[in-house]
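Structure first, then comments.
2 protein chains.
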Amino acid sequence: MTKETRIEADPKLPIIRMTRDFAATPEQLFRAHTDPALFAQWVGPDATATRIEHWDARTGGSWRYVSAHDGAEYGFRGCFHEIGPDRIVQTFTFEGDPDGVALETLWFEDLGDGRTRLRTQSLVDTFEGRDAWLRSGMEIGVNEGYAKLERMCTDGTL
Amino acid sequence: MTKETRIEADPKLPIIRMTRDFAATPEQLFRAHTDPALFAQWVGPDATATRIEHWDARTGGSWRYVSAHDGAEYGFRGCFHEIGPDRIVQTFTFEGDPDGVALETLWFEDLGDGRTRLRTQSLVDTFEGRDAWLRSGMEIGVNEGYAKLERMCTDGTL
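Next comes the structure, spelled out in structure tokens:
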């Protein structure tokens with residue numbers, strides 16, 4: 015099992031890729047990403063609380079949530095291009111940078127024995143934007159969030 | 015006025031960019047891209063007929079249309095990440111290649127005197143996919159479609 019998240023910048027494309035294995039079935043990981051009450055429990059750093067403002071997790075639907083931290087609120091939004099059992103494709107914008115848009119793809123790869131590899135890809139239109147995101151400390155939110163998700167896999171929440 | 019569409023492949027990014035000027039206001043070009051009855055009149059090659067299957071042109075909405083040509087039908091679909099007066103951001107999939115997803119951005123740039131520059135950008139996650147699209151003869155559909163749109167700008171349709 016990969017315990018840490020592998021985070022990689024593609025050398026030739028403005029893409030960030032992440033990989034992490036979970037002690038969950040693909041169906042459980044799918045639910046953790048599409049059920050708003052479950053998603054709000056794990057996404058983001060430990061210090062933030064997530065409030066789902068809009069959530070319509072079907073192909074052609076859309077979403078918005080707000081992360082609250084130390085009295086400040088940060089909005090995120092996008093649309094769901096495709097919701098499938100093995101793959102989710104969606105757009106992503108941080109409302110503090112409204113011109114920036116990422117195209118995100120998530121794959122749930124069955125490893126057998128109740129384990130699943132989550133692979134994600136985030137594509138943007140400049141290397142500068144991609145590298146600024148990598149330098150932003152995003153790995154803290156990613157790792158703390160996935161650690162919460164990992165606990166939900168084993169404590170019966172999923 | 016640019017009479018032909020300028021179509022450019024970015025040398026460093028998996029992006030196709032297009033530019034074309036129209037004898038229309040930004041508002042007219044916006045309507046031509048968001049009103050389904052207008053959009054169906056101009057999109058695609060002369061030899062195809064477009065049937066809108068679903069169309070919800072608002073931020074967080076989605077769309078699907080079918081192009082019919084010689085008895086064959088080709089479906090296209092996506093979601094609208096952002097619908098603004100100066101910018102539309104949407105996803106795009108040709109259903110014949112369901113794994114392929116492009117993130118498309120359109121800008122309506124007011125040139126004054128009732129003229130508008132349309133700039134578009136289509137971002138995908140591989141250079142191979144981008145280049146296959148460029149080699150597919152897509153410029154025929156683009157140029158014939160925009161020629162129809164140009165006629166709609168001057169014949170009173172818009």
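These protein sequence lines map, in sequence, to chains H and Y. Everything in the first sequence is counted per the numbering used here, starting at 15 for the first residue and increasing by one. Everything in the second sequence is counted per the numbering used here, starting at 15 for the first residue and increasing by one. Beta carbons are placed, not taken as given, at the ideal position from N, Cα and C, and that holds for glycine.
Query                                                                                                                                                        : Result
Does H95(H) come within less than 9 Å of chain Y when only Cβ atoms are used?                                                                                : yes
Straight-line CA distance for F36(Y) to T105(Y)?                                                                                                             : 24 Å
Taking E22(H) as part of the beta strand (DSSP E), name the residues at either end of that continuous run.                                                   : 20-23
Contact defined as beta carbons within less than 8 Å: I believe T64(Y) pairs with A54(Y). What is the distance between those atoms, to the nearest angstrom? : 4 Å
Strictly by DSSP, which residues pair up with Y88(Y)?                                                                                                        : S81(Y)
Between the C-alpha atoms of A86(Y) and A146(H), what's the straight-line distance to the nearest angstrom?                                                  : 46 Å
Who are the neighbours of G89(Y) on chain H, taking C-beta pairs under 7 Å?                                                                                  : The contacting residues do not exist; G89(Y) stays about 13 Å from chain H at best.
Among residues of its own chain, excluding the 5 on either side of T119(H), which ones have a beta-carbon nearer than 6 Å to its beta-carbon?                : V103, Q135
For V103(H), which residues in chain Y fall below 7 Å Cβ to Cβ?                                                                                              : V115
Go through its chain and collect everything with a Cβ distance to E22(Y)'s Cβ below 6 Å, but skip five positions before and after it.                        : R31
Is the separation between the beta-carbon of W69(Y) and that of W56(Y) shorter than 9 Å?                                                                     : no
Under the criterion of a Cβ to heavy atom distance below 8 Å, does A161(Y) qualify as lining the ligand MN?                                                  : This structure lacks the ligand MN; in fact it carries no ligand of any kind.
If we ignore side chains and look at the alpha-carbon of each, how far apart do A71(H) and G114(H) end up?                                                   : 22 Å
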